[in-house]
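> With the numbering used here, letter number 96 in the sequence shown gets 983, and the count goes up by one each step, no holes.
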Amino acid sequence: MRRRTDSSDCCEAPGAIESSTDNPHKVYEKAETFWSRCSQDEMGMLGGTTGLHAPDVSGSINFLNTLKKNNIITKFENALDCGSGIGRVTKHVLMPAYKSVDMVDLVDELVATSAVYIGTDDGIGEKFVEGLQTFEPPVRKYDIIWIQWVSGQLTDQDLTSFLQRCIQGLAPGGTVVIKESVSNGGKTLFHDTDGCWTRPESLILKIAENAGLKVSHKAIQTGFPKGLFSVKMIAFKPVHPVEENDD
């Protein structure tokens, strides 16, 4: 979707496995208010940072192609775009590769705008309006679940739980991809403006491991302007994969 990319305007939060907050519901309400007020276009989805769209799309497509080449992803039926917003990633990254793409976002207005932005219903599946902290993907459906610039909107505990539900949502052979800005120095940074955390890569990997995922491939996004957080793309497989003959 869109999320924190700027490395400025942030304050430190604990870097332990649980990023503490007295009331996560207030943080989630703040995020929903922030994104509902953003412009419903590519600039708004990218946090107002210019020059990100083209290299971001190119980097994601290259990452997908690498996953295909290495047989990490082998099926291209159903995809899920988490934090989809107006459908920027859906339209430019997932729809060219998958027969059907479902979308989920907590802001109703953004999901509604996606029909205009994408311009066609051909290849669009279900549209869910719900926060990822409670969203339950349909079971055993997705060949890929793409989570971009939205994992930082969840507390560590809620992100762990969401990734566990994502595992349940994977079809046999399915893959979870997290594309996210990462902090340096092992510290988690909290951004009060939009209510999100920027975690170090090590913490993202630890949360994924705790959820039951293992790394299949990693890459770094290139071509972004200077002064931004590094952006990592990480493909995960379940430690206990779903088998074709599972009940």
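We treat Cβ as the ideally placed atom computed from N, Cα and C, and that holds for glycine.
Between the stretch 1000-1016 and the stretch 937-955, do at least 3 Cβ pairs fall closer than 8 Å?
Cβ pair count under 8 Å is below three, so no.
> Quick one: what does DSSP say N965 is sitting in, helix, strand or coil?
Correct three-state label for N965: strand.
> Using a Cβ-Cβ cutoff of less than 6 Å, which residues in the same chain neighbour P911 once the five nearest sequence positions on both sides are dropped?
Cβ neighbours of P911 beyond the five flanking positions: T1042.
> Hey, V1126 and K1101 are a contact pair by Cβ (cut 8 Å); roughly how many whole angstroms apart?
Contact holds; Cβ gap of about 5 Å.
> Taking the DSSP output, what are the residues bridged to C1083?
Partner(s): H1078.
> Can you look up V994 in the DSSP assignment and give me helix, strand or coil?
DSSP places V994 in coil when its eight states are reduced to three.
> According to DSSP, is T1062 helix, strand or coil?
Note: T1062 maps to strand in three-state DSSP.
> Taking the alpha-carbon of K1066 as reference, which of G1056, G1082, T961, T1109 has the nearest alpha-carbon?
Closest by alpha carbon: T1109.
> Should I1034 go down as buried or exposed, given a rule of 16 or more other Cβ atoms within 10 Å for buried?
Classification of I1034: buried, given that the 10 Å Cβ count is 16 or more.
> Do the stretch 978-995 and the stretch 1046-1056 touch if we need at least three Cβ pairs shorter than 8 Å?
Result no; under three Cβ-Cβ pairs closer than 8 Å.
> Only counting the same chain, and skipping five residues up and downstream in sequence, which positions put a Cβ closer than 8 Å to that of K1105?
Counting only Cβ-Cβ distances below 8 Å, and skipping sequence neighbours, we find K1119, M1120, I1121, A1122.
> I'd like the list of long-range same chain contacts for E1130, defined as Cβ closer than 7 Å, with 5 residues on each side in sequence excluded.
Only P1059 meet the Cβ criterion.
> Any idea what DSSP makes of V1118, helix, strand or coil?
Strand, per DSSP.
> Ordered along the chain, which non-local residues of its own chain (more than five positions away) have a Cβ less than 7 Å from that of D995?
Within the same chain, D995 has close Cβ partners V1016.
> With DSSP collapsed to three states, give me the class of S971.
Three-state result, S971: coil.
> Assuming G970 and D992 make a contact with CB atoms under 8 Å, what is their CB distance in whole Å?
At roughly 6 Å, the Cβ-Cβ gap stays under 8 Å, so G970 and D992 are in contact.
> Could you spell out the range, first to last residue, of the beta strand (DSSP E) harbouring Q1035?
Q1035 -> beta strand (DSSP E) spans 1029-1035.
> Can you give me the Cβ contacts of V998 inside the same chain, cut-off strictly under 6 Å, excluding the 5 residues immediately before and after it?
Around V998: D992, K1014, V1016.
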